[in-house]
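Numbering (full-length UniProt numbering) for the sequence shown: 1 to 484.
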Amino acid sequence: MINFKPVIRVIGLLITIIGAFMLLSIGFSWYYQSGDAWALMISGFICISAGVPAWLLIRKDAARNIKKREGYLIVAMGWLSMVIFSALPYLISGVIPGIPDAIFESVSGMTTTGASVLTDIESVPEGILFWRSLTQWIGGMGIIVLTVAIFPLLGIGGIELFVAEAPGPTSDKLHPRIRETAKRLWLIYVSLTGILVVILYLLGMNFFDAFNHGLTTMATGGFSTKNASMAHFDQPSIQYVIVFFMFLAGTNYTVLYYTLKRRFSNVWHSDEFRAYLYIVLAATLIVTARVYSVTNHSLEQSFRDSIFQIVSLITTTGFVSADYTAWSSGLTMFFFIILFVGACAGSTSGGIKIIRHLVFLRNSFYEFKRILHPRAIVPLKVNQKTVRGKVITHIIIFLLLYLSLFLFGSIVLSVMGYDFMTSVGAVATSLGNVGPGIGAVGPVDNFAWLSNGAKLFLSFLMLLGRLELFTILVLFTPYFWKTN
1 MINFKPVIRV IGLLITIIGA FMLLSIGFSW YYQSGDAWAL MISGFICISA GVPAWLLIRK
61 DAARNIKKRE GYLIVAMGWL SMVIFSALPY LISGVIPGIP DAIFESVSGM TTTGASVLTD
121 IESVPEGILF WRSLTQWIGG MGIIVLTVAI FPLLGIGGIE LFVAEAPGPT SDKLHPRIRE
181 TAKRLWLIYV SLTGILVVIL YLLGMNFFDA FNHGLTTMAT GGFSTKNASM AHFDQPSIQY
241 VIVFFMFLAG TNYTVLYYTL KRRFSNVWHS DEFRAYLYIV LAATLIVTAR VYSVTNHSLE
301 QSFRDSIFQI VSLITTTGFV SADYTAWSSG LTMFFFIILF VGACAGSTSG GIKIIRHLVF
361 LRNSFYEFKR ILHPRAIVPL KVNQKTVRGK VITHIIIFLL LYLSLFLFGS IVLSVMGYDF
421 MTSVGAVATS LGNVGPGIGA VGPVDNFAWL SNGAKLFLSF LMLLGRLELF TILVLFTPYF
481 WKTN
């Protein structure tokens, strides 16, 4: 029997926190006199009024018995609740009057996808604009806790690849207690965000733009305060700083922790981090050479545009400094493939994650050896530790599910009447939580013109991708609801 008390209690707490963050956004409304303070205030009070009773009325001791089923419900229903309540400021202010559009923008924010239905971002009131960026920062912070503290306990997620005998980000855990681990990673997340905001301000951004882009960069979200995204800030120093912090945000937070502790041997022993670095460097060299040959840009401009787009898409941030679909059809396909890569597990990025690709490719290569030597024991190792067969099976199933969902989603959008490039681009970028895609949802387009049905369907895919597929899909199985 599922114990719904802890589910209701945690959801109430999450909604209350969302409401508190809404009230914090009012400061920008008052400062800029943007006229949206009342919408944020009403939305915040609605959240607090709904969340506090659910949180307080259920006793803490009655909500302690959390098992796997309750854990899945807390994650899935908690994120769904946050998405619904996060849409209130858009609806009440009238910035996004339609419910499907408001839900889409809210889901895109909380899942740090960065796809948008807003056609004129610069006309949006500052309070709502800040709330929009804040949803991504909240979502980024939330995914750290999920991947480090919750997912391993549920037996899911890319972070489990670092598990030996005990749950945690690595077998050499940051701290033996999950709560302390989460605190340390939150501190890194908040500190890096603050440092980036200061740097962007010193480089010439006004405080509002610096604050917003600091939030959405570290969350690998990609929401911008400008219609042209980062192309608006055509200043090399700003764009290179954003590239650097996007790369950091896509790095496993355990690796960042070891870096701060100057335990560089632990950093370099991370197979995923090395692969992440090599992929970025190799892709940058390839794309830079091609961009330089097909455009009249200088070598520096070609390099900057190339590395910006590559890091932005691999980390699933989704910032845009150039239209990569205008360079060549070959590069368009190259960037489409990048939508399926993802950065590191245990980071704020979305997508498949490099560690899964590593394990799958290594296991596939070793399979040839097993065929030639059927009696030989050929262990697969990551970070010099043997990966259990259960984890390998989990990864293969995840990849098959991911591919199946991509194909199914592409067919659904095609049946809705969208062309092939737009269908595959929209589904790939939504499922991978990237933001820009290809076709009519490319880097210079948005999702406003899609039908309400398509927006709601893509919103569902964003949630699926962000919560590692299994968290939501397991709720649709009969096994989950059986009492024994």
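Positions of the beta carbon are idealized from the N, C-alpha and C atoms, including for glycine.
Note that the coordinates shown come from a computational prediction; the quantities given were computed from them, not determined experimentally.
- Residue nearest to Leu-450 within the set Ala-289, Phe-104, Gly-330, Ala-54 is Phe-104 (criterion: CA-CA distance).
- Ser-237 counts as exposed, since fewer than 16 other beta carbons sit within 10 angstroms of its beta carbon.
- A direct Cα-Cα distance of roughly 16 Å separates Ile-42 from Arg-132.
- The segment 47–57 makes contact with the segment 16–24, as at least three CB pairs between them are under 8 Å.
- In this model, Ala-275 and Ile-354 are separated by some 7 Å (Cα to Cα).
- Going by beta carbons, Ala-115 and Ala-102 fall outside the 7 Å limit.
- Ile-2 is not a Cβ neighbour of Ser-81, given a cutoff of 7 Å.
- Secondary structure of Lys-385 (DSSP, three-state): strand.
- Counting of Cβ neighbours within 10 angstroms places Tyr-90 among the buried residues, the total reaching 16 or more.
- Boundaries cannot be given for Glu-122, as no alpha helix (DSSP H) includes it and DSSP labels it neither H nor E.
- Counted as a single uninterrupted DSSP element, the alpha helix (DSSP H) harbouring Gly-51 occupies residues 37–56.
- With a cutoff of 7 Å on beta-carbon distance, Arg-370 and Val-378 are scored as near each other.
- Counting other Cβ atoms within 10 Å of its Cβ, Asn-433 reaches 16 or more and is therefore classed as buried.
- Contact annotation: the segment 424–441 does not touch the segment 65–78, with fewer than three C-beta pairs closer than 8 Å.
- By the C-beta density criterion, Tyr-479 is exposed, having fewer than 16 other C-beta atoms within 10 angstroms.
- Residue state for Ala-20 is assigned as helix, using DSSP reduced to three classes.
- Residue burial annotation: Pro-374 is exposed, with fewer than 16 other C-beta atoms found within 10 angstroms of its C-beta.
- For Val-427, the enclosing alpha helix (DSSP H) begins and ends at 420–431.
- When C-alpha distances from Arg-9 are compared across His-232, Val-280, Gly-78, Val-294, the shortest belongs to Gly-78.
- Taken through DSSP and simplified to helix, strand or coil, Leu-203 comes out as coil.
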